[in-house]
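Chemist: All residue numbers for the sequence shown refer to our numbering, where the first residue is 1033 and numbers rise by one.
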Amino acid sequence: MNLEFKLRTISVKTISMAIVISFLVGGAIVFCSGYNPAEIYFKLFKGALGGKFAVASTLRWITPLLFTSVASAIAFRGGMFNMGVEGQLYIGALAGTIVGVTFKGLPHLVHVALCFTAAIAAGMFYAMIPALMRVYLNASEVVTTLMLNYMIINFNNFIIQEYFLATDSMVSTIATNELEASAKLTSIMPPYSVNTGLIIGGLMVIFFYILFNRCQKGYEFHISGVNPGFARYGGIQVDKVRIGVMLISGGIAGLGGAVEIMGVQERLMASFSPNFGMDGMLAALLGNSTPLGVVLSSVFFGTLKAGALAIERTTDVSRALADVIKGIIICFVSVRTLGILDKVSLKPFTGRRIRGKKEVNHAD
1033 MNLEFKLRTI SVKTISMAIV ISFLVGGAIV FCSGYNPAEI YFKLFKGALG GKFAVASTLR
1093 WITPLLFTSV ASAIAFRGGM FNMGVEGQLY IGALAGTIVG VTFKGLPHLV HVALCFTAAI
1153 AAGMFYAMIP ALMRVYLNAS EVVTTLMLNY MIINFNNFII QEYFLATDSM VSTIATNELE
1213 ASAKLTSIMP PYSVNTGLII GGLMVIFFYI LFNRCQKGYE FHISGVNPGF ARYGGIQVDK
1273 VRIGVMLISG GIAGLGGAVE IMGVQERLMA SFSPNFGMDG MLAALLGNST PLGVVLSSVF
1333 FGTLKAGALA IERTTDVSRA LADVIKGIII CFVSVRTLGI LDKVSLKPFT GRRIRGKKEV
1393 NHAD
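Quick look at the structure:
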């Protein structure tokens, strides 16, 4: 079985058409439900960008996507399809929370640094498992990372309920006690939940850019992802590269989990993530796994999320509209990403077969 994953570049035209078509289909669904699509879309974007509260809400949702999209993009660029960003996010959140609730009396910067270190280490450890399985057992990382997601989400709930369940009677769900004040991130838009995690997410994007554009190691990652055979011929140890990109990817995802807890939720709750990992993966694919692309995609998806919540508050339209739009976008762009268009045969209709950009006439 060929387990090689090669990321394909998606054209701006394809992305633009996918977005336009998704909004048209979403509008048709809204119209069939008895609402005015123009009015709903106006409220969606107003709810995401129309005022300080709306902008703060959008930035709040962009923050975790910066971490998960960068984590996914680094793995993709290195030739590893990391479907486990969600799980790595969870284990990072768990590790950061444990440090945040158990250590007391520490200076703020020291406590935050310890939480971040624990989260990064946990995310790297969890990403290392499927990486080693891929290298030494030839197991598909798509399957192993996806299955590990379910394990850690349930393990997270078990650990909370058995060892860190909140003693606060006001908490009505499975959750830990609130983090120590010294472990919380500082708000940069009081009184809203936008915090210094947004700045750290921006630094992750800069790190991503420097790694792949200014470092020899990033060049090795890139070549191993584009053409593993050529990389081996050039003396690059592709297996070590695959482990390395997964470790970096997992560490960034774990850090994103800690930032979400320390900056927004302030306590770890069961199933706290509304698919941040999956949305980050989609943002990385839509952004061609480039630094600028992941930023634009994260902003786009964060805007959709904030706007969808706004229209749910002000109308009877469900927030699921945003998920419909995202799903349609990915359906269209993934056709090109996975190379399906290159394999489509038009011979039954035209007598010609299209392969990539070459046209073969079988009548000759």
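All residues carry an ideal CB built from backbone N, CA and C; glycine is no exception.
Remember, it's a predicted structure, so these values are computed and weren't measured experimentally.
1) Does the stretch 1083–1092 come close enough to the stretch 1235–1246 to have 3 or more Cβ pairs within less than 8 Å?
2) Have a look at T1205 and T1199 and give me their C-alpha separation to the nearest angstrom.
3) Q1248 lies in the alpha helix (DSSP H); which residues open and close that run?
4) From the DSSP output, in three-state form, read off N1219 for me.
5) Answer with buried or exposed for S1043, where buried requires no fewer than 16 other C-beta atoms within 10 angstroms of its C-beta.
6) Below 8 Å on the Cβ atoms is my contact criterion, and I expect F1099 with V1291 to pass it. Report the Cβ-Cβ distance as a whole number of Å.
7) Return yes when the Cβ of A1213 is within less than 8 Å of the Cβ of M1294, no when it is not.
8) From what residue to what residue does the alpha helix (DSSP H) around S1330 run?
9) CB-CB under 7 Å to L1300, same chain, minus the five flanking residues each way: which ones, in chain order?
10) Can you tell me which of the three DSSP states M1156 falls into?
11) With R1109 as the anchor, note down where its alpha helix (DSSP H) starts and where it stops.
12) I need the boundaries of the alpha helix (DSSP H) containing N1189, first residue and last residue.
13) If you draw a straight line from the C-alpha of Y1182 to the C-alpha of I1255, how long is it?
14) Quick check on this structure: which residue in A1354, A1338, F1364 and S1065 has the alpha carbon closest to the alpha carbon of G1079?
15) In three-state terms, what does DSSP make of A1263?
16) If you pair each beta-carbon of the stretch 1107–1126 with each one of the stretch 1080–1089, do three or more pairs fall below 8 Å?
17) Give every residue of the same chain whose Cβ lies closer than 7 Å to the Cβ of V1270, excluding the five residues on either side of it in the sequence, and list them in chain order.
18) Could you tell me if S1048 is buried or exposed, where buried requires 16 or more neighbouring beta carbons within 10 angstroms of its beta carbon?
19) So, are the CB atoms of T1347 and K1075 less than 8 Å apart?
20) Under three-state DSSP, which class holds A1302?
21) Leaving out five residues before and five after I1372 in sequence, what residues of the same chain have Cβ atoms less than 6 Å from its Cβ?
22) Can at least three beta-carbon pairs, one atom from the stretch 1100–1116 and one from the stretch 1306–1317, be found at a separation below 8 Å?
23) I'd like to know whether the C-beta atoms of T1046 and N1114 end up nearer to each other than 8 Å.
24) Count the other CB atoms, across all protein chains shown, that sit within 10 Å of the CB of M1156; report buried if there are 16 or more and exposed otherwise.
25) With DSSP as the reference, label N1227 as helix, strand or coil.
26) Hey, would you say V1174 sits closer than 8 Å to G1309, going by beta carbons?
27) With burial defined as no fewer than 16 other Cβ atoms inside 10 Å of the residue's Cβ, what is the status of M1112: buried or exposed?
28) Just checking my contact of I1072 with I1361 at CB under 8 Å: how many whole Å lie between their CB atoms?
29) Which partner residues does A1207 have in the DSSP bridge list?
Modeler: Looking at the coordinates:
1) Segments in contact, no.
2) Computed Cα separation, rounded: 11 Å.
3) Element bounds for Q1248: Q1248 to V1258.
4) The sequence shown places Ser at residue 1219, not Asn. Residue state for S1219 is assigned as strand, using DSSP reduced to three classes.
5) Burial call: exposed.
6) Going by Cβ atoms, the distance from F1099 to V1291 rounds to 7 Å, so yes, they are a contact pair.
7) Taking 8 Å as the Cβ cut-off, M1294 and A1213 do not qualify as a contacting pair.
8) Its alpha helix (DSSP H) spans residues P1323 to T1346.
9) For L1300, same chain residues with a beta-carbon under 7 Å away, outside a window of 5 residues either side, are A1125, L1126, T1129, I1192, A1207, T1208 and I1293 in chain order.
10) Residue state, collapsed to three classes: helix.
11) Per DSSP, R1109 belongs to the alpha helix (DSSP H) from K1084 to R1109.
12) Per DSSP, N1189 belongs to the alpha helix (DSSP H) from E1173 to Y1195.
13) Taking the straight line from one Cα to the other gives about 32 Å.
14) Comparing Cα positions, the closest option is A1338.
15) Of the three classes helix, strand and coil, the one that applies to A1263 here is helix, per DSSP.
16) No: fewer than three Cβ pairs fall under 8 Å.
17) The beta carbon of V1270 sits closer than 7 Å to the beta carbons of S1256, P1260, A1263 and R1264 from its chain, once the five residues preceding and following it are set aside; these are given in chain order.
18) S1048 comes out exposed.
19) Taking 8 Å as the Cβ cut-off, T1347 and K1075 qualify as a contacting pair.
20) Note: A1302 maps to coil in three-state DSSP.
21) Legend: pLDDT at I1372 = 45, less than 50; position of this residue unreliable, no value from coordinates given.
22) A contact exists between the stretch 1100–1116 and the stretch 1306–1317.
23) By the CB criterion at 8 Å, T1046 and N1114 fall outside the cutoff.
24) By the 10 Å Cβ count, M1156 comes out buried.
25) Here N1227 sits in strand by DSSP.
26) With contacts defined by Cβ atoms closer than 8 Å, V1174 and G1309 do not form a contacting pair.
27) Buried is the call here.
28) Between I1072 and I1361, the beta carbon gap of about 18 Å keeps them out of contact (Cβ cut-off 8 Å).
29) Beta-bridge pairing links A1207 to M1301.
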